[in-house]
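Participant:
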Amino acid sequence: MQIRLKQEALRNRAGGSSCGEGGRENHTELRPSRWFARNHWVAAHARGRSTKHGETNLNPHSNPEPLLTQHHRQESGGVEEARCSTARWEGGCGQPVSLKPVEANQKNVTQGRTCLKEERDSRKNVTQVITCLKEERDSRKNVTQGRTCLKEERDSRKNEDQKTKADTTLSEKCGDMGEVSKIRAGCKRMCKGHLNKVNSVHFSGDSRHLVSGSLDGKLIIWDIYTGNKTQIIPLMSAWVMSVAFSPSGNFVASGGMDNQCTVHDINNRDSTGAAKISRELMGYEGFLSSMRFLDDTNLITGSGDMKVIHWDVQTGKKVVEFFGHSGDVATMSLAPDMNCFVTGSVDRTIKVWDLRDTKTCKQTFWGHTSDVNSVYFHPSGFAIGSGSEDKTARMWDLRSDQQLAEYKPPTSNSGFTCCGLSKSGRYILCGSDDNTIHFWDTMKTTHQGTLQGHDNRITSLAVTDNGIGFATSSWDMGVRVWGL
1 MQIRLKQEAL RNRAGGSSCG EGGRENHTEL RPSRWFARNH WVAAHARGRS TKHGETNLNP
61 HSNPEPLLTQ HHRQESGGVE EARCSTARWE GGCGQPVSLK PVEANQKNVT QGRTCLKEER
121 DSRKNVTQVI TCLKEERDSR KNVTQGRTCL KEERDSRKNE DQKTKADTTL SEKCGDMGEV
181 SKIRAGCKRM CKGHLNKVNS VHFSGDSRHL VSGSLDGKLI IWDIYTGNKT QIIPLMSAWV
241 MSVAFSPSGN FVASGGMDNQ CTVHDINNRD STGAAKISRE LMGYEGFLSS MRFLDDTNLI
301 TGSGDMKVIH WDVQTGKKVV EFFGHSGDVA TMSLAPDMNC FVTGSVDRTI KVWDLRDTKT
361 CKQTFWGHTS DVNSVYFHPS GFAIGSGSED KTARMWDLRS DQQLAEYKPP TSNSGFTCCG
421 LSKSGRYILC GSDDNTIHFW DTMKTTHQGT LQGHDNRITS LAVTDNGIGF ATSSWDMGVR
481 VWGL
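Our numbering applies: residue 1 is where the sequence shown begins, and numbers increase by one.
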């Protein structure tokens, strides 16, 4: 349209123009294109105007009258006005109109296009980066799944190898052994004082003092000879899951859902009169599930981040970390010589570790079909007892790397939450979800009876070092001491 207007303007300039009498102008007219006339005819009708005598006819179906005259063109700047890239219509009064140019700044247009292009490229790059990150994440997930499958396959093969090498069982070898004397266990003390579920108990080395941890946010140290409380230790967190007494009886440790282990010196008091905090051990990525003292300055902990850590309590630093489980570490037990320890996990495995060689675990036992909730070293140091959510307890031999025996209750109503072995190793004791304590003859694998007294789930079981009794804790907020 601009080219046509320019040509007509040049042609009219060559023909000249003059003004008529009475001040009326003799206009040399420019005829715009049909497209130009049609669009402004639509615009005129959109404003509610009709074409009358003396007004410019914008009907696109008739020959449109000229809209731009040479006189107006000369007043507005001549032919250069026909070169404008943008115009605004100003008509409707019957008078000829002119196109008002809006000059475009080419530099700004170029910069705008450049900015839009850069933004589009930037968004494209971000999309590509997100796609790459997603692919990398999926790749890592596939690698992890592949490793898990390989590990499960390898563990399954090892489990099958262990089963094929097992040529006998403990009950077969001990079938002609005499019957064990009937146990006369009974509840000797009922320790009341907690206001919420009690999750853990552990004896000191003197077999007289017992520490219990509860969801009421307190540790209580008991004298089991009298049933009295000797100390009450308030905690910063109420979510206690495990407690431990040092062999000397000078320190107690606790931990749980606060993801840290707190060590208290029970022989020193703070300004409130409670046992003074000796050390707070942090750096866990999961809850504290189990802990045991080697001595007053060395502590081993297991947690929900699948790690086992050996701590120097005096410095508060890690001595070594043990890796190997593929699930939460749920329980642990120390060997009688304190050189080895065993852990149980929700990955259904039992692992044996040597503190003198910390590179890898020394043995792994498979066989349980659900979470391993409790493990316990045999007093001889050559065997391990375990209790699981699969409603079985088992005995494992470290020398032959085999399962020796499997213990099942007469009626399988619930899984085992905790277990322990008598001082002689002849009895294995297991607490369960059905509020009872089951015990078996470990050699002949015969069920010897049950102990009742708790009103809710039994959570923990601890045997005294001198072998005269054991203690249990429960969700019924009570701690009971049993005699053997």
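Glycine included, every Cβ here is placed at the ideal spot set by N, Cα and C.
The beta strand (DSSP E) spanning F203 covers which residue range?
Facilitator: Translated into the one-based positions of the sequence shown, residue 203 becomes position 203. Here the beta strand (DSSP E) through F203 covers 198-203.
Participant: Among all the DSSP beta bridges, which residues are the ones paired with P234?
Facilitator: Residue 234 sits at position 234 when you count from the first residue of the sequence shown. Note: P234 sits in a beta bridge opposite K218.
Participant: Using 10 angstroms around the beta-carbon of G146, count the other beta-carbons present and answer buried if the total reaches 16, otherwise exposed.
Facilitator: In the sequence shown, residue 146 corresponds to position 146, counting from 1. G146 comes out exposed.
Participant: Alpha carbon to alpha carbon, how far is M282 from K351?
Facilitator: Your numbering for residue 282 matches position 282 in the sequence shown. Your numbering for residue 351 matches position 351 in the sequence shown. Each residue's Cα considered, the two are about 24 Å apart.
Participant: State the Cα-Cα distance for the pair N466 and G327, rounded to the nearest angstrom.
Facilitator: Looking up residue 466 in the sequence shown gives position 466. Looking up residue 327 in the sequence shown gives position 327. Roughly 34 Å between the two C-alpha positions.
Participant: Going by DSSP in three states, N373 sits in which element: helix, strand or coil?
Facilitator: What you label residue 373 is simply residue 373 of the sequence shown in a count that begins at 1. In the structure shown, N373 sits in a strand (DSSP, three-state: E or B).
Participant: Confirm, please, whether the CB-CB distance from I437 to L451 is below 8 Å.
Facilitator: Counting from 1 along the sequence shown, the entry for residue 451 is found at position 451. Counting from 1 along the sequence shown, the entry for residue 437 is found at position 437. Contact flag set, yes.
Participant: Does DSSP classify V143 as helix, strand or coil?
Facilitator: Taking the first residue of the sequence shown as 1, we reach residue 143 at position 143. Three-state DSSP puts V143 in a helix.
Participant: Would you identify the three-state DSSP class for Q106, choosing helix, strand or coil?
Facilitator: The residue you call residue 106 lines up with position 106 of the sequence shown. Note: Q106 maps to helix in three-state DSSP.
Participant: Determine the DSSP secondary structure at G469, reduced to helix, strand or coil.
Facilitator: Sequence index remark: in the sequence shown, residue 469 carries index 469 (1-based). Strand at G469.
Participant: Going along the chain, which residues of its own chain have a beta-carbon closer than 6 Å to the beta-carbon of Y427, five neighbours each way excluded?
Facilitator: Counting from one through the sequence shown, the residue named residue 427 turns up at place 427. So the qualifying residues of the chain are F439.
Participant: Strictly by DSSP, which residues pair up with G255?
Facilitator: Mapped onto the sequence shown, residue 255 falls at position 255. Per DSSP, S242, C261.
Participant: Would T343 and V320 qualify as a contact pair, given that the criterion is a beta-carbon distance under 8 Å?
Facilitator: What you label residue 343 is simply residue 343 of the sequence shown in a count that begins at 1. What you label residue 320 is simply residue 320 of the sequence shown in a count that begins at 1. No, the pair does not count as a contact, with Cβ atoms beyond the cut-off.
Participant: Please check if any C-beta of chain D sits within less than 8 Å of the C-beta of G483.
Facilitator: Of the protein chains in this structure there is only one, and it is not chain D.
Participant: Bridge partners for M291 per DSSP, in chain order?
Facilitator: As a working mapping, residue 291 is identified with position 291 in the sequence shown. DSSP lists T301 as partners of M291.
Participant: Between which two residues does the beta strand (DSSP E) harbouring S422 extend?
Facilitator: Along the sequence shown, read from residue 1 onward, the residue named residue 422 stands at position 422. Taken as a continuous stretch (DSSP letters only), S422 belongs to no beta strand (DSSP E), as it is neither H nor E.
Participant: Starting from H310, trace the beta strand (DSSP E) both ways and give me its first and last residue.
Facilitator: In the sequence shown, the residue the question calls residue 310 occupies position 310. Note, H310: beta strand (DSSP E), 307-312.
Participant: In whole angstroms, give me the CA-to-CA distance for L334 and V129.
Facilitator: If you number the sequence shown from 1, residue 334 lands on position 334. If you number the sequence shown from 1, residue 129 lands on position 129. Roughly 50 Å between the two C-alpha positions.
Participant: Give me the Cα-Cα distance between R49 and R120, rounded to the nearest whole angstrom.
Facilitator: As a first step, residue 49 must be located in the sequence shown, where it is residue number 49. As a first step, residue 120 must be located in the sequence shown, where it is residue number 120. Its pLDDT being 45, under 50, R49 is placed unreliably by the model, and the measurement read from it follows with that caveat. Roughly 45 Å separates the two Cα atoms.
Participant: Nearest to L235 by CA position, among K218, M241, G227, is which residue?
Facilitator: Within the sequence shown, numbered from 1, the residue matching residue 235 stands at position 235. Comparing Cα-Cα distances from L235 to each of K218, M241, G227, the minimum goes to K218.
Participant: Label E389 either buried or exposed according to how many other C-beta atoms from any shown protein chain fall within 10 Å of its C-beta, with 16 as the threshold for buried.
Facilitator: Residue 389 sits at position 389 when you count from the first residue of the sequence shown. By the 10 Å Cβ count, E389 comes out buried.
Participant: Pick helix, strand or coil for L281, following the three-state DSSP scheme.
Facilitator: In the sequence shown, residue 281 corresponds to position 281, counting from 1. Note: L281 maps to strand in three-state DSSP.
Participant: Could you tell me if Y407 is buried or exposed, where buried requires 16 or more neighbouring beta carbons within 10 angstroms of its beta carbon?
Facilitator: As a working note, residue 407 is residue 407 in the sequence shown. Result: buried.
Participant: Take I233 and list the residues in its own chain whose beta-carbon comes closer than 6 Å to its own, dropping the five residues that flank it on each side.
Facilitator: Against the sequence shown, residue 233 aligns to sequence position 233. If we look at I233 and ignore the five residues flanking it on each side, its Cβ neighbours are L219, H264, A274, A275.
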